[in-house]
Structures are given as C-alpha cells and as structure tokens.
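In what follows, a structure is listed as structure tokens, so that the remarks can point back to it.
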Amino acid sequence: QVQLVESGGGLVQPGGSLRLSCAASGIIFRNYHMGWYRQAPGNQRELVATIFSGGTTNYAPSATGRFTISRDNAKNTVYLPMISRQPADAAVYYCYAALLVLNFWGQGTQVTVSS
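Count along the sequence shown starting at 1, add 40, and that's the number in our numbering.
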C-alpha cells in the first residue's frame with residue numbers, strides 16, 4: 041500500500057519559515073519524481089515544486105527563490121522549506137509521487153499565514 045504522509049504545516053507569520061516533509065512508503069522512492077502542489081480555498085490545485093528522480097528541480101514562478109525542494113532517498117522523504125511572504129502561501133500543501141502513469145497523493149498539510 042502506497043502512503044505519502046505530509047508533516048510540518050502550521051501557522052507562520054509573514055516572512056517566517058516552515059519546512060514541510062513528506063514521508064513515502066510502498067514505492068521505490070528513488071525511482072519516483074516527487075513534488076508539492078498547493079490548494080487555497082476557492083482556487084485550483086497548483087504546482088509548487090518538483091524534484092525529479094535524478095535530482096533536477098523545477099519551481100512555479102511564485103515559489104522561485106523562496107521554496108527549496110529536496111529529497112533524501114535513504115529516508116524516502118521529500119522536503120519543502122519555505123519562506124512565506126504572501127497570504128497566497130496559505131493553502132493545503134499536497135505531496136505527490138509520479139512515475140510514468142502512476143500518481144500518488146498525500147492527504148495534505150495546512151499552512152496558515154497570519155501575523
């Protein structure tokens with residue numbers, strides 16, 4: 041059974057930082073492209089960042105320079121440290137794993153931005 045379990049969400053002040061984590065099980069983690077999407081109320085789910093199996097990264101323009109995706113294949117975990125500057129960063133953040141036609145999603149972790 042494939043599981044992606046996100047953690048690290050919570051309340052962050054504007055300009056503050058959080059580190060989201062996603063622990064995967066049930067997949068050969070090193071083979072999968074991993075990433076994060078987010079969805080704010082009333083909005084569509086949008087891509088934040090991707091890290092490919094080979095380590096190449098890709099970011100949405102809104103995330104560039106503030107979010108840094110990384111992965112630890114020994115721990116089957118992908119990370120997303122983030123510096124929040126915008127109310128738009130408040131959303132549920134979802135971890136995903138993709139390989140060819142296979143896609144798996146986590147349940148999401150809430151990030152709230154408030155002073």
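Quick reminder that beta carbons are idealized off the backbone N, C-alpha and C, glycines included.
This structure is a prediction, so every number in the text was calculated from the model and none was measured.
For this session: Tell me whether Ala80 sits in a helix, a strand or coil according to DSSP, three-state version.
Result: Start at 1 with the first residue of the sequence shown, and residue 80 comes out as number 40. Three-state result, Ala80: coil.
Problem set entry | Integer Cβ distance of Thr97 from His73, believed to fall under 8 angstroms | Position 57 of the sequence shown, counting from 1, holds the residue named residue 97. Position 33 of the sequence shown, counting from 1, holds the residue named residue 73. Taking C-beta atoms under 8 angstroms as the contact rule, Thr97 and His73 fail to qualify, at a distance of about 10 angstroms.
For this session: List the endpoints of the continuous beta strand (DSSP E) containing Asn116.
Result: Here residue 116 refers to the residue found at position 76 of the sequence shown. Element bounds for Asn116: n/a, residue is neither H nor E.
Problem set entry | As assigned by DSSP and simplified to three states, the class of Arg106 | Indexing the sequence shown from 1 puts residue 106 at position 66. Three-state DSSP puts Arg106 in coil, outside helix and strand.
For this session: Please name the residue or residues paired with Tyr133 in a DSSP beta bridge.
Result: Here residue 133 is taken as the residue at index 93 of the sequence shown, counted from 1. According to DSSP, Tyr133 bridges with Arg78 and Thr149.
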